[in-house]
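These notes are about the structure you will find just below.
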Amino acid sequence: MLKHLILPVALLGATAAHADEGQWQPHQLLQLKGELKRVGIAIPAEKLADLAKHPMSAIVSLGGCSASFVSDAGLVVTNHHCAYGAIQRNSTAEHNYITDGFLAKTRAEELPGGPNTLVYVTDKVENVSARVLKGLSDKMSGIERHEAVERSIKALIAECETDKMYRCSVPSFHRGLEYYRIRQTMIRDVRLVYAPSDKIGNYGGDVDNYEWPRHTGDYSFLRAYVGKDGRPADPSPDNVPYQSKDFLVVSAAGLKNGDPVLLAGYPGRTSRYKLPGEIRYARDAAYPAKVAELQADLDVIAAASKGSAANAVRYASVAKGLHNVMKKTQGLLDGFARKDIAAIKDVQDAEFRAWYAKQPRAPQALLAELDAVIAADIALSNEEFGWSVATNSDLLKSARTVYRLALENGKPDAERESGFQQRDLAFIKARLNRLEQSYVGAVDQARFGAGLQRYTKLAPAMHVQGLDALLPSLDAVPALYQSSQLGDTARRLAWVGQDAAAIAATDDAFLQLAVKLHGVAMSLEERRKEVDGQLERVIPQYMQAVIGWKESQGKPVYPDANSTLRVTYGTVAPYSPRDGISKGPFTTVEGIVEKHTGKEPFVAPAALIEAVKAKRYGQFKDPVLGTVPVNFLTSADTTGGNSGSAVMNGHGELIGLNFDSTYESITKDWYFDRDITRAIHLDIRYMLWVMKEVDHADNLLKEMTIKYPKK
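Residue numbers (my numbering): 62 to 772.
Laid out in structure tokens, this is it:
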């Protein structure tokens, strides 16, 4: 390590940040007091850094999305698209809550969110870097190093989860330079309370996705339930609402251009510290291949579901997720074409290398090693992409999961692969059970067959070593589905816990295929561990040097997003995407009427159109706009995973929900451009207005604590 080059990581962030860039760990806010004051955040940094205090204690994760408590009875507000799985799970062609919406007027009417709908409440974060990195040696092979780190992480998690009410994790920060142990209360009984029709919650659909101006009411409500003893429990009619220690007060007072915002949530992944070669690989190879694959898969799903309303409902959530990933990936490609981020990184990389060469005692071989391990990572990533194309079948994935679990069950729990330990069993069962709502044999067969065809056309570098000869021919695919019972949920779940010998001896076609492919899959996995171990050895040294270089320039230092709790801040702000074009920071309900065509995706509910034409705005009317605002823009630094994040005013009151970014901002995952980076938020006044005027969700309006504007 290059500890002589820089300040200890614990001191990072002492330099004032520039613009509104940064997805900060809560404890780093103590070093940003001046910035928070400059922006207009009145909450003391000491309070924001304390997870046990309001407002951070009200911010929760849904495992892929963010949310917040808005009552002391476990009421959670998040995005409509974050609760889409729960909405779809409870929908049928006859009772389609996706198109019709759903509102429980009483708690007895609330619907089960399903085993994949969970609420995580973070209550403790501790730096465990020394324990994870202890005993590591440069003499270790990559796989030895990776497995040593994994053993340490498993031990730290096991130690943390002695009380089964907690779910713990040990993610890395700064690409392996630091490790923090995160302890979360995991609530397993989560119910759907209210979701507007997708004519509101998804207004504009994929056409408007990532676009501005936007008019989407992307919100929904869930409720967390626990046992009568207050501890997390499996779903049961006897459970009671979770008594949330803190919750956010909802402010209907509104905001205006230039007002400060504070945003807290669980951003997924960013790549701000990637090297130019990694950017070029994404831009020129990985992302184009990904877009083509996603579009091809979506086309197959659409064709195989055509003419069946039931099948369309079953694959609605799957298709929505694929569409979202595809549009974001295409947006990244368009962003790379608009601004040459690789060239910008070239300049930064050259400046860094020049600085590094002047550092006394800095090992100069590091940069050559860095380039070599990244090249190995890219080469293996090509094969992993090929694997994903060739194995695009939910039934095959289920079979592989069942067989791998059986093999891992033969080992002591601490030696099992992460994801297959005893602590993971409930999640595995939930994934296998989830197919009940999102699987149709004919559709899956079409996806698998088409994937096999596409795999044959991939470049040789994307073909997995040893795989081609083991794959079924296209003609053999129908027989696989005819000779497997894994499509039946009960039979699929019955294989959980069976021993490997029983699975190997079965005549179920997909289980046989899983056994056949296992050796190649393990080879790919072991090669990934070797590469990851080398990355974990070299990248942290590089990151430590980069941090030292940035600190020497007085630039902000924050870790890439990694699905852990982060805080960002900014202001309500317009932007100019192109010369001569300026886009204001607010949209209004009048824009919904203007876009309304009566054809998907621009179909607004008749009750909403009527309320707008009658100008029944009440106390949600903005004094400047003269109407009800729908969405607004800020300069806050967000990414995927921030969906549903609480957008708060300077006093920590809920004024909006994050749900998207402008199309021009998508490349912020790689490079933050303060001039055009804008996050899109739902204005809480629109949510409250719809609840009152359109859906009559009076019970929830009464349950929340709402601060209305002074008359």
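All C-beta atoms, glycine included, are put in the ideal place defined by N, C-alpha and C.
Bear in mind the structure is a predicted one, so any value in this text is a computation, not a measurement.
**Request:** Count the other C-beta atoms from every protein chain shown that fall within 10 angstroms of the C-beta of methionine 583, then say buried if there are 16 or more, exposed otherwise.
**Result:** exposed
**Asked** Just reading off the beta strand (DSSP E) that cysteine 221 is part of, what are its end residues?
**Response** Here cysteine 221 belongs to no beta strand (DSSP E); instead the alpha helix (DSSP H) covers 203-221.
**Request:** Tell me where the alpha helix (DSSP H) around serine 378 begins and ends.
**Result:** For serine 378, the enclosing alpha helix (DSSP H) covers residues 377-399.
**Asked** Do serine 202 and glutamate 714 have their C-beta atoms within less than 8 Å of each other?
**Response** Contact: no.
**Message:** Tell me the DSSP secondary structure of threonine 632 in three-state form.
**Reply:** strand
**Request:** Reducing DSSP to helix, strand and coil, say where threonine 728 ends up.
**Result:** helix
**Asked** Taking Cβ positions, are valine 180 and leucine 253 nearer each other than 8 Å?
**Response** no
**Message:** Can you give me the C-alpha to C-alpha distance between alanine 565 and phenylalanine 446, rounded to a whole angstrom?
**Reply:** Their Cα atoms are separated by approximately 27 Å.
**Prompt:** Would you report the Cα separation of isoleucine 248 and serine 190, rounded to the nearest angstrom?
**Reply:** 28 Å
**Message:** Between which two residues does the beta strand (DSSP E) holding asparagine 814 run?
**Reply:** This structure cannot speak to residue 814, because the chain is shown only from 62 to 772.
**Prompt:** Under 8 Å between the Cβ atoms of leucine 238 and glutamine 605?
**Reply:** yes
**Message:** So, under 8 Å CB-CB, leucine 456 and aspartate 505 are touching, yes? Tell me the CB distance rounded to an integer number of Å.
**Reply:** 6 Å
**Request:** Leaving aside the five residues before and after alanine 467 along the sequence, list all residues of the same chain whose C-beta is less than 7 Å from its C-beta, in chain order.
**Result:** Gln559, Asp560, Ala561 and Ile564
**Segment contact flag, the region 322-334 with the region 120-138, C-beta cutoff 8 Å, min 3 pairs** = yes
**Prompt:** What are the boundary residues of the alpha helix (DSSP H) that asparagine 760 is part of?
**Reply:** 759-764
**Prompt:** What are the boundary residues of the beta strand (DSSP E) that proline 666 is part of?
**Reply:** Careful: proline 666 lies outside any beta strand (DSSP E) and carries neither H nor E.
**Asked** Within the chosen definition, does the region 721-734 reach the region 381-399 through at least 3 CB pairs nearer than 8 Å?
**Response** yes
**Prompt:** CB arginine 228 to CB glycine 594, shorter than 8 Å?
**Reply:** no
**Request:** Decide if aspartate 529 is buried, meaning its Cβ has at least 16 other Cβ atoms within 10 Å, or exposed.
**Result:** Exposed.
**Prompt:** Counting along the chain, where does the beta strand (DSSP E) carrying glutamate 444 start and finish?
**Reply:** Annotation for glutamate 444: no beta strand (DSSP E) segment contains it, though the alpha helix (DSSP H) segment containing it runs 426-451.
**Message:** Between the alpha carbons of histidine 757 and leucine 309, how many angstroms are there, rounded?
**Reply:** 22 Å
**Prompt:** Assuming threonine 632 contacts valine 100 under a Cβ cut-off of 8 Å, what Cβ separation, rounded to an integer in Å, is found between them?
**Reply:** 7 Å
**Request:** Can you have a look at lysine 64 and say buried or exposed, based on whether 16 or more other CB atoms are within 10 angstroms of its CB?
**Result:** Summary for lysine 64: the model assigns pLDDT 34, below 50, so the residue's position carries little reliability, and this model does not support an answer.
**Item:** Coil, strand or helix - leucine 359 by DSSP
**Value:** helix
**Prompt:** Based on the DSSP secondary-structure assignment, which residues constitute the bridge partners of isoleucine 741?
**Reply:** BP columns for isoleucine 741 point to Leu694 and Asp721.
**Request:** Classify aspartate 640 as buried or exposed, calling it buried when 16 or more other Cβ atoms lie within 10 Å of its own Cβ.
**Result:** Classification for aspartate 640: exposed.
**Message:** Between the alpha carbons of serine 624 and phenylalanine 413, how many angstroms are there, rounded?
**Reply:** 28 Å
**Item:** Of the listed residues Val268, Asp295, Ser258 and Pro274, nearest to tyrosine 280 (C-alpha basis)
**Value:** Nearest option by C-alpha distance: Ser258.
**Asked** Thinking C-beta only, is aspartate 358 closer than 8 Å to arginine 492?
**Response** Contact flag unset, no.
**Prompt:** In whole angstroms, what is the alpha-carbon distance linking alanine 520 and tryptophan 448?
**Reply:** 13 Å
**Asked** Quick one: is isoleucine 642 buried, meaning 16 or more other Cβ sit within 10 Å of its Cβ, or exposed?
**Response** exposed
**Request:** Figure out for me which residue from Ser230, Ser722 and Gln514 has the closest Cα to the Cα of alanine 45.
**Result:** Nothing in the structure corresponds to residue 45, since the chain is present only between 62 and 772.
**Message:** With H, G and I counted as helix, E and B as strand and the rest as coil, what does DSSP make of asparagine 710?
**Reply:** coil
**Item:** Reduced DSSP secondary structure (H/G/I, E/B, other) of asparagine 372
**Value:** It is helical.
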